[in-house]
Structure formats: structure tokens, C-alpha cells
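All the letters of the sequence shown, read from the start, carry residue numbers 6 to 177 under the numbering used here. Glycine included, C-beta positions come from ideal geometry on N, C-alpha and C. First up is the structure itself, then whatever we jot down about it.
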Amino acid sequence: MHTRRDILQGMIVSIGGASLLSACSGAVQIVPSSAGVMRFFSDEELQLVSRVSDLIIPRTDTPGALDVNVPGFLDGLMAEWANADTQRNQHRNLRDLSMKLGRDFVELDETTAESRLASLDARAFDGRNSQYSAYRSWKGLITQAYFASEEGRLQEQEWVAVPGRWDSSVEI
Numbered sequence: 006m007h008t009r010r011d012i013l014q015g016m017i018v019s020i021g022g023a024s025l026l027s028a029c030s031g032a033v034q035i036v037p038s039s040a041g042v043m044r045f046f047s048d049e050e051l052q053l054v055s056r057v058s059d060l061i062i063p064r065t066d067t068p069g070a071l072d073v074n075v076p077g078f079l080d081g082l083m084a085e086w087a088n089a090d091t092q093r094n095q096h097r098n099l100r101d102l103s104m105k106l107g108r109d110f111v112e113l114d115e116t117t118a119e120s121r122l123a124s125l126d127a128r129a130f131d132g133r134n135s136q137y138s139a140y141r142s143w144k145g146l147i148t149q150a151y152f153a154s155e156e157g158r159l160q161e162q163e164w165v166a167v168p169g170r171w172d173s174s175v176e177i
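Okay, structure coming up:
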């Protein structure tokens with residue numbers, strides 16, 4: 006079991022590591038995929054990742070997840086860096102996430118989709134269920150990808166976790 010604090014520490018390390026790597030000349034970089042040219046996600050997976058990303062980190066007075074191409078970054082990350090086992094696991098995690106949110110999730114209006122995602126988020130972080138690891142994994146990847154972007158690092162001033170509430174000590 007990890008606490009949310011452990012997850013945040015991991016995010017800070019990964020963001021710092023990404024910043025350090027980007028500061029090195031000739032450093033390894035992830036080439037984000039562009040719309041219509043995905044290398045890892047299927048069309049359905051891309052729609053799901055895009056919708057979830059947009060609801061978790063929406064555009065406010067700072068860029069949102071879609072503005073900084075979080076889905077493209079994650080597609081590039083999985084295509085370039087993930088081994089075959091990780092790729093299979095992530096495809097399976099996306100199928101699981103799609104089932105938990107409902108097959109119609111990407112077509113729902115924003116209020117209904119946000120409500121459904123908030124409900125899933127509450128169950129995933131209530132400290133009792135391990136069956137929501139796919140969602141927790143993708144939420145972590147989305148936030149890490151966002152803060153690894155230049156806009157996420159430099160323009161984001163206050164990140165408000167949407168949907169869900171903050172509880173500083175939750176077993177996950």
C-alpha cells in the first residue's frame with residue numbers, strides 16, 4: 006500500500022527527473038504523437054484518455070491537459086519507452102477503465118461525465134479498493150505528463166484536483 010504522499014513524492018521525482026533530462030544536451034526526449042498519428046493508442050483509447058485527461062486537468066486560466074497534448078505525450082511515452090509487458094498492461098488498464106466508466110463515457114455531456122469520473126475517483130481513493138489500480142495508474146500518468154510539459158511546469162500556478170477531494174493521508 007502506498008499513501009498519496011508517496012505518490013506525490015514519486016511525481017515530484019519524475020518531474021524533477023524529466024526537467025533534469027531536458028536540461029542535458031542530447032538528452033533522451035519523448036516525442037509526443039500528434040492528432041491522427043497515434044503510435045500506441047487505438048482511436049477508442051485515445052478518446053478515453055483525452056476525455057479523462059480533460060476532466061482531471063481542465064483548461065482554466067492556465068492550459069489544460071489537452072492544451073499541452075497530454076494524450077500525445079502518453080502515446081509517445083508508451084510507444085517509445087514501454088516494454089511489451091507494460092504496453093499490454095496499459096491496454097488492459099484502459100479496457101478496465103472504460104468498463105468502470107461505461108462504454109458511453111466519451112459521448113456523455115460534461116456534467117454527467119464529470120460526475121461519473123468523480124464517483125470513480127472517490128471509490129479509487131477511499132483506501133479500501135485495490136480493483137481501481139488502473140484508474141489510479143492513469144490518473145498518475147496524466148498528472149505527471151501534464152507537469153512534465155513546459156506549460157505545466159511554468160504556467161500552472163495552482164492545480165486543483167478535479168474531480169475528487171484532497172485527503173493528505175489515504176492508503177492507495
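{"Check": "DSSP three-state assignment for F192, whether helix, strand or coil", "Outcome": "For residue 192 there is no data in the structure shown, the boundaries of the chain being 6 and 177."}
{"Check": "Distance between Q92 and R133 (C-alpha atoms, nearest Å)", "Outcome": "27 Å"}
{"Check": "Sufficient close CB pairs (3 or more, under 8 Å) joining the stretch 74-83 to the stretch 119-139", "Outcome": "no"}
{"Check": "Spatially closest choice to I147 from Q34, V73, Q160, S174, by CA coordinates", "Outcome": "V73"}
{"Check": "Spatial neighbours of P68 in its chain, beta-carbon cut-off 7 Å, leaving aside the 5 residues before and after", "Outcome": "E156, Q160"}
{"Check": "CB of A150 within 8 Å of CB of F78, strictly", "Outcome": "yes"}
{"Check": "Proximity below 8 Å, CB of R56 to CB of A118", "Outcome": "yes"}
{"Check": "C-alpha distance - Q34 paired with P76, whole-angstrom precision", "Outcome": "16 Å"}
{"Check": "Assigned exposure category for Q95 - 16 Cβ within 10 Å defines buried", "Outcome": "buried"}
{"Check": "Reduced DSSP category for F78 - H, G, I as helix; E, B as strand; rest coil", "Outcome": "helix"}
{"Check": "Nearest-angstrom Cα separation, counted from A129 out to S174", "Outcome": "14 Å"}
{"Check": "For N134, the three-state DSSP class (helix, strand or coil)", "Outcome": "coil"}
{"Check": "Helix, strand or coil at D66 [DSSP, three-state]", "Outcome": "coil"}
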